[in-house]
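K.L.:
Take the position in the sequence shown, starting the count at 1, then add 434; the result is the number in the numbering used here.
Mind looking over this structure? Questions follow.
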Amino acid sequence: MAQEPALDGFGKRRRIGATSLEVPVFGFGSAHLGELYAKVDEDTSRATLDAAWASGVRLYDTAPWYGRGLSEHRLGGFLRIKPRDEFQVTTKVGRQLVRPKDPKHFDRAPWTGGLNFEVKWDYSYEGVMRSYEQALQRLALDTVDALIIHDLDAIYHGDEFGARQKDLRESGVKALQELKRAGDIKAYGMGINTDEALEDVASQVDLDFCLVAMPYTLLDQKSLTRGMAQLQKRGVSVIIGAPLASGILATGSSGPAHYGYAKASPE
């Protein structure tokens, strides 16, 4: 007889903004399936996903960037054999994956492993649609529940930051709105990596939610009275992406500890 999932806290749900989408309060972030800090073999990847499902996890987040497509492939291979009405999945837009010009010498950094695909940034209407279509193919699913604008932070874009913000405001957001109106997605949001971006995003684009990757952890909660307070006033939901600071608050400082997706300092 199949084991019943141990729901507990995983069964509690929250509504996203003013949408019809309700998600569990706990979810599975799959950056590590893309081999962020270390190689992860297929058996370990599947065992991790099996354990999450058996524990009652039903919300899964991924991105084209995670392992340059590897995370989406692995997560999709797992979820496509599950009943579609029993889970929710989100992925991200803003990057397209293309064949590198020199595959033999291509550097996959910062990923330890991952796949041999180069990133092409594009937050325009066409770029968002292409990123979405590519993600569906890698996931082997015909729908996702929500899309997230990924890594539109000044630290990643240099001199192109302003132009890419403009692409999103004037073009890319129209693609997200169109997909939502058509019922292809139920909500769309933005991933936020810095306090500065969190405080600014509420005035940039109308969103259903923000996925806060690092400005809020169990140790650092100052954003509660800053950017997150502004989002609350606008009715924008917040999903905390790294409450354990990318691992160190769960594992301690022993071993290869990380904080903020980088090696932790001795302090």
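Backbone N, C-alpha and C fix where the C-beta goes; we use that ideal spot for every residue, glycine too.
Every value quoted in this text rests on a predicted model; they were computed, and no experiment measured them.
(1) Between Val459, Tyr590, Tyr566 and Gln611, which lies nearest to Leu531 when the distance is taken from Cα to Cα?
(2) Would the segment 515-530 and the segment 489-507 be scored as touching if the rule is three or more Cβ pairs under 8 Å?
(3) In three-state terms, what does DSSP make of Glu438?
(4) Alpha carbons only, please: which of Ser671, Leu602 and Gly511 is nearest the one belonging to Trp555?
(5) Find the nearest neighbour of Leu586 within the set Arg480, Gln568, Ser558 and Leu570, judged by alpha-carbon distance.
(6) Using a Cβ-Cβ cutoff of less than 6 Å, which residues in the same chain neighbour Ala621 once the five nearest sequence positions on both sides are dropped?
(7) Just the C-alpha distance for Leu632 and Leu653, rounded to the nearest angstrom, thanks.
(8) Would you call the segment 537-554 in contact with the segment 462-470, where contact means no fewer than 3 C-beta pairs closer than 8 Å?
(9) For Val672, which three-state DSSP category applies?
(10) Go ahead and pull the three-state DSSP assignment for Val635.
(11) Where in the segment 572-626 do unbroken runs of the alpha helix (DSSP H), each at least 4 residues long, occur, reported from the N-terminal end onward?
(12) From Ser505 to Ala486, what does the alpha carbon distance come to, in whole angstroms?
(13) Measuring CB to CB, does Ala574 end up less than 8 Å from Arg514?
(14) Would you list the one or two residues that DSSP bridges to Leu513?
(15) Considering only DSSP beta bridges, list what Val457 is partnered with.
(16) Taking 7 Å as the line, does the beta carbon of Thr524 fall inside it for any heavy atom of the ligand SAM?
(17) State buried or exposed for Val459, treating a residue as buried only when at least 16 other CB atoms are found within 10 Å of its CB.
(18) Could you pull the DSSP bridge partners for Leu493 from this structure?
(19) Indicate the three-state DSSP secondary structure (helix, strand or coil) for Leu645 in the structure shown.
(20) With distances taken Cα to Cα, identify the nearest neighbour of Pro537 among Gln599, Asn550, Val527 and Asp629.
(21) Can Val578 and Ile619 be called in contact, C-beta distance under 8 Å?
(22) Using the rule of at least 16 other Cβ atoms within 10 Å of the residue's Cβ for burial, across every protein chain shown, is Thr478 buried or exposed?
(23) Among Lys446, Ala497, Gly503 and His539, which residue has its Cα nearest to the Cα of Ile582?
(24) Where DSSP assigns a beta bridge to Lys554, which residues make up the other side?
(25) Just confirm the distance between the C-beta atoms of Arg572 and Gly501, as a whole number of angstroms; I'd bet it's less than 8 Å.
(26) Give me the Cα-Cα distance between Thr482 and Glu476, rounded to the nearest whole angstrom.
(27) Short of 6 Å in beta carbon distance, which residues of its chain neighbour Lys608, apart from the five on each side in sequence? Order them along the chain.
P.N.:
In short, the structure shows the following:
(1) Proximity to Leu531 across Val459, Tyr590, Tyr566 and Gln611 peaks at Tyr566, based on C-alpha coordinates.
(2) As far as the Cβ criterion goes, the segment 515-530 touches the segment 489-507, which means the pair count is three or higher.
(3) A caution first: Glu438 carries a pLDDT of 46, below 50, which makes its placement in the model unreliable, though a value can still be read off. Coil.
(4) That would be Leu602, whose Cα lies nearest to the Cα of Trp555.
(5) It is Ser558.
(6) Once the five neighbours on either side are set aside, the close Cβ partners of Ala621 are Ile450, Thr453, Leu455, Ala580 and Asp642.
(7) Distance between Leu632 and Leu653, taken at the CA atoms: about 17 Å.
(8) Output reads yes: the segment 462-470 touches the segment 537-554.
(9) DSSP places Val672 in strand when its eight states are reduced to three.
(10) Three-state result, Val635: helix.
(11) Whole alpha helix (DSSP H) segments, 4+ residues: 588-591, 595-601 and 607-615.
(12) So the two alpha carbons sit approximately 15 Å from each other.
(13) The answer is yes: Cβ separation under 8 Å.
(14) Looking at the DSSP assignment, Leu513 forms no beta bridge with any residue, so it has no partner.
(15) Answer is Arg448.
(16) Absence of the ligand SAM from the depicted structure is noted, as is the absence of any ligand whatsoever, leaving it without description.
(17) With fewer than 16 other Cβ atoms within 10 Å, it is exposed.
(18) According to DSSP, which records beta bridges pairwise, Leu493 is partnered with Gln522.
(19) Of the three classes helix, strand and coil, the one that applies to Leu645 here is strand, per DSSP.
(20) The shortest Cα separation from Pro537 among Gln599, Asn550, Val527 and Asp629 belongs to Asn550.
(21) Yes. Within cutoff.
(22) Thr478 comes out exposed.
(23) Of the listed residues, the one whose Cα sits closest to Ile582 is Ala497.
(24) Per DSSP, the beta bridge partners of Lys554 are Gln530.
(25) Separation of the CB atoms of Arg572 and Gly501 is rounded to 10 Å, and the pair is thereby denied contact status at 8 Å.
(26) Each residue's Cα considered, the two are about 10 Å apart.
(27) Counting only Cβ-Cβ distances below 6 Å, and skipping sequence neighbours, we find Tyr559.
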